[in-house]
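Shown next, in structure tokens, is the structure this report addresses.
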Amino acid sequence: MLTILLYPGLILAILHVAAPLLYYYRALRWAKRPWGINPIDVDPPRVSIIVPTYNEADLIYGKLSNIASQDYPRDRIEVIVADSSTDNTPKIVEEWARDNSLFKVKLIKVEERGKVNALNEALRHVEGDVVVVTDVDSLWERNSLKNAVRWLSIPSIGVVSCVKRPINGSSVEETYRDLYNIIRVGESKAYSTPIMHGELLAIKGGLIRELNGFARDVGADDSYMGLLAISRGFRAIVPEDVVCLEYVPRNIIDYVKWRARRSQHLAQSFIKGIRLSKPRGFSKIFNIEAYLHLINPWILLASVVLLVLSRSIIGLAVVSAGLITLAWRPFRAWVIQQFMLMYGMLRNVKGRELAWEKVRKG
Ligand code: GDD
Ligand code: MN
Numbered sequence: 030m031l032t033i034l035l036y037p038g039l040i041l042a043i044l045h046v047a048a049p050l051l052y053y054y055r056a057l058r059w060a061k062r063p064w065g066i067n068p069i070d071v072d073p074p075r076v077s078i079i080v081p082t083y084n085e086a087d088l089i090y091g092k093l094s095n096i097a098s099q100d101y102p103r104d105r106i107e108v109i110v111a112d113s114s115t116d117n118t119p120k121i122v123e124e125w126a127r128d129n130s131l132f133k134v135k136l137i138k139v140e141e142r143g144k145v146n147a148l149n150e151a152l153r154h155v156e157g158d159v160v161v162v163t164d165v166d167s168l169w170e171r172n173s174l175k176n177a178v179r180w181l182s183i184p185s186i187g188v189v190s191c192v193k194r195p196i197n198g199s200s201v202e203e204t205y206r207d208l209y210n211i212i213r214v215g216e217s218k219a220y221s222t223p224i225m226h227g228e229l230l231a232i233k234g235g236l237i238r239e240l241n242g243f244a245r246d247v248g249a250d251d252s253y254m255g256l257l258a259i260s261r262g263f264r265a266i267v268p269e270d271v272v273c274l275e276y277v278p279r280n281i282i283d284y285v286k287w288r289a290r291r292s293q294h295l296a297q298s299f300i301k302g303i304r305l306s307k308p309r310g311f312s313k314i315f316n317i318e319a320y321l322h323l324i325n326p327w328i329l330l331a332s333v334v335l336l337v338l339s340r341s342i343i344g345l346a347v348v349s350a351g352l353i354t355l356a357w358r359p360f361r362a363w364v365i366q367q368f369m370l371m372y373g374m375l376r377n378v379k380g381r382e383l384a385w386e387k388v389r390k391g
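When we follow the numbering used here, the leftmost residue of the sequence shown carries the number 30, and every step to the right adds one.
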């Protein structure tokens with residue numbers, strides 16, 4: 030009786046799988062081509078590195094040491110720690126600054142909560158030509174800062190971010206990251222990528238001043254900064270030689286909360302980004318990514334519902350085949366991501382969650 034649901038269910042299932050696959054292969058082709066632009070060697074500009082901190086006593090000392098070990102002239106770096114902690118993070122920052130007195134470190138106290146707010150407060154203290162934001166729960170490979178700054182020396186490039194590798198992630202997290210990094214790099218080579226990472230976000234100083242800092246109503250400060258730069262005619266890229274390592278929550282409940290909040294924030298960036306002006310080359314990339322992040326997950330859900338309700342042998346066979354395929358890691362990573370995206374979007378109904386609870390990582 031309900032077999033009329035079978036065909037729509039099948040069509041949606043095919044659409045859900047085909048759209049990202051086709052796009053992935055397209056991005057893979059992009060990723061294989063040469064950049065076509067080359068960073069120029071210039072005198073290293075002065076870099077202001079903003080580190081927002083909220084109860085990071087476990088990781089902050091190592092984070093500052095990682096910055097100090099970058100292959101970059103230390104007299105060209107200033108670090109601004111924008112802190113709203115209630116633990117002894119600020120004490121540890123002061124201790125680190127004493128142990129490394131050759132390094133310029135400013136510690137500023139930010140009363141109001143939320144990362145975006147801390148970043149905007151920190152911007153008032155910036156003296157550098159390039160502004161770099163970095164989360165405490167991430168580390169950089171030794172050349173990442175230097176490489177990011179070199180890319181920014183190209184006039185058309187406004188924002189540079191990193192490819193990411195999990196430090197202690199599960200295999201699902203690793204698989205997801207591999208596919209994801211290829212897409213980021215491919216899009217960057219083609220034009221720009223709509224997704225940037227707070228683990229390393231380097232912005233031209235003049236551009237961020239022109240924009241008056243970070244948008245106050247978007248949780249994904251990083252990605253939305255890229256979109257703003259693009260709307261001003263710049264490119265926002267993720268090159269493969271700028272690499273960040275990121276701690277991932279080990280506990281499964283923390284992991285789900287963490288991923289869902291990031292999805293929630295990314296959805297905010299895509300939705301708000303729809304109205305920004307975009308050059309033609311980027312419009313296509315943005316539209317398909319917005320579709321993949323905001324709509325395609327619901328198509329999976331709708332197709333499963335239709336197939337199950339159809340009660341037809343074919344419908345149930347397709348759903349069972351899908352369940353069996355979950356044993357295959359990339360597919361499992363994909364399906365988990367779809368649920369994170371849906372859950373994240375639903376959370377936006379309750380609120381934007383611009384200030385969040387800290388999740389234990391590492
Ligand atoms: N000063 C200040 N005040 N810093 C904060 C606050 C706050 O209220 N909340 C978080 N931070 C700092 C953290 O200490 C950390 O250095 C950084 O901001 C990122 O916060 P995490 O708690 O580590 O969040 P995440 O790992 O999930 O971050 C990812 O998602 C965010 C959006 O959901 C990253 O991609 C972030 O860059 C992104 O903003
Ligand atoms: Mn983080």
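Note that CB positions come from ideal geometry on N, CA and C, so glycine has one too.
If you're wondering where the values come from, they're calculated on a predicted model, not measured in any experiment.
Simplified DSSP assignment, three categories, for residue i
i, result
"Val-247", "coil"
"Lys-301", "helix"
"Ser-221", "coil"
"Trp-469", "The chain is shown from 30 up to 391; residue 469 falls before or after that span and cannot be answered."
"Thr-354", "helix"
"Ala-346", "helix"
"Pro-74", "coil"
"Trp-64", "coil"
"Leu-240", "coil"
"Glu-141", "coil"
"Thr-82", "strand"
"Gly-187", "strand"
"Arg-381", "coil"
"Pro-278", "coil"
"Pro-102", "coil"
"Leu-336", "helix"
"Ile-232", "strand"
Closer than 7 Å: residue i CB and nearest the ligand GDD heavy atom
i, result
"Thr-82", "yes"
"Asp-251", "yes"
"Gly-248", "yes"
"Asp-128", "no"
"Gly-310", "no"
"Leu-113", "Leu is not the amino acid found at residue 113; the sequence shown has Ser there. Ser-113: yes, Cβ under 7 Å from the ligand GDD."
"Lys-138", "no"
"Trp-125", "no"
"Glu-387", "Reading off the sequence shown, one finds Lys at residue 387, where the question assumed Glu. For the ligand GDD, at least one heavy atom lies less than 7 Å from the Cβ of Lys-387."
"Gly-143", "yes"
"Gly-227", "yes"
"His-45", "no"
"His-294", "yes"
"Arg-206", "no"
Neighbour-count burial assignment, residue i, 16 or more Cβ in a 10 Å radius
i, result
"Arg-245", "exposed"
"Asn-197", "exposed"
"Glu-202", "buried"
"Thr-115", "exposed"
"Tyr-54", "exposed"
"Trp-357", "exposed"
"Ala-396", "Outside the displayed span of the chain (30 to 391) sits residue 396, for which this structure offers no information."
"Asn-146", "buried"
"His-226", "buried"
"Lys-120", "exposed"
"Asn-149", "buried"
Proximity test, Cβ basis, 8 Å: residue i and chain D
i, result
"Trp-363", "Here there is only one protein chain, and chain D is not present."
Near the ligand MN: residue i beta-carbon under 7 Å from a heavy atom
i, result
"Glu-275", "yes"
"Ser-167", "yes"
"Asp-164", "yes"
Cβ contact check for the stretch 88-99 and the stretch 55-65: 3 or more pairs under 8 Å: no
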